[in-house]
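Read the structure below first, then the notes.
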């Protein structure tokens, strides 16, 4: 029976820049003197100061290991063991009657895997995509990557669909502040495997890359 595993990668863009004083602050000046008729009169002077604060855009995206704001060099591995699902009437024994159309049984993961996911950004609407870097293969055969299913614990941070190859469709992350221009979201993504294709037994490995980008 196939036992797929995949390495989960992430694209991390963390270029937080707050620049105050990229050019000199501009100020004016004023001199005030007391009149000769009242030289001891209280005097005051005012000066206005202009500020220019530049805040750069940033995206922090984590799938699995790591913590904001440090970039992690760890690529987590999701391992899913599978078992075949036969008709419920199958029982042990010899010459047992069975009503079965002969279709290939469904192989599904016996235990799912869960990873923490986090997105932080001030760059506006954030979209997530999945790219197949290398297909699920055991060296001589392959199985479709779309057999990997991902469910998020928070609909505001959905998991993008997994394509068979290339890059899949984008899903949007719901922002948290400033008219959805700032995002701070965290969730758990649960990975499972279910496939009815006629696959040979073996250990299948592949790599997915998840990307967060500002629209």
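In mature numbering (1 follows the signal peptide of the UniProt record, and there is no 0), the protein residues as written are -27 to -1, 1 to 188.
Glycine included, each C-beta is placed from N, C-alpha and C at the ideal position.
Small disclaimer: the values here were computed from a predicted structure and weren't measured.
One Cα belongs to residue 20, the other to residue 185, and the distance between them is close to 46 Å. Apart from the 5 residues on each side of it in sequence, residue 82 sits with its Cβ closer than 6 Å to the Cβ of 53, 55, 165, 166 in its chain, given in chain order. Between residue 133 and residue 139, the CB-CB gap reaches or exceeds 8 Å.
For residue 151, no beta strand (DSSP E) encloses it, and the DSSP letter there is neither H nor E. The C-alpha of residue 27 is placed about 42 Å away from the C-alpha of residue 121. For residue 129, the closest alpha carbon among the candidates 159, 111, 17 is that of 159. The criterion of a C-beta distance shorter than 8 Å is satisfied by residue 94 and residue 32. Counting along the chain, residue 188 sits inside no beta strand (DSSP E), nor does DSSP assign it H or E at all. Secondary structure of residue 164 (DSSP, three-state): strand. Residue 17 sits exposed, since fewer than 16 C-beta atoms from the chains shown fall within 10 Å of its C-beta. In this structure residue 50 is exposed. Its beta-carbon is surrounded by fewer than 16 other beta-carbon atoms within 10 angstroms. A straight line joining the alpha-carbon of residue 183 with that of residue 69 spans about 48 Å. In the assembly as shown, residue 124 is an exposed residue. Its beta-carbon has fewer than 16 other beta-carbons within 10 Å. CA-CA distance, residue 38 to residue 88, rounds to 8 Å. Counting along the chain, the unbroken beta strand (DSSP E) around residue 33 starts and ends at 32 to 36. The residue among 12, 90, 8, 113 with its C-alpha nearest the C-alpha of residue 174 is 113. Annotation: residue 100 to residue 36 spans about 15 Å, alpha carbon to alpha carbon.
Within the DSSP bridge table, the entry for residue 145 names 100 as partners.
The beta carbon of residue 12 sits closer than 7 Å to no other beta carbon from its chain once the five residues preceding and following it are set aside. By alpha-carbon distance to residue 22, the top candidate from 9, 5, 1, 7 is 1. Looking at the DSSP output, residue 109 sits in a beta bridge with 116. DSSP links residue 13 through a beta bridge to no other residue.
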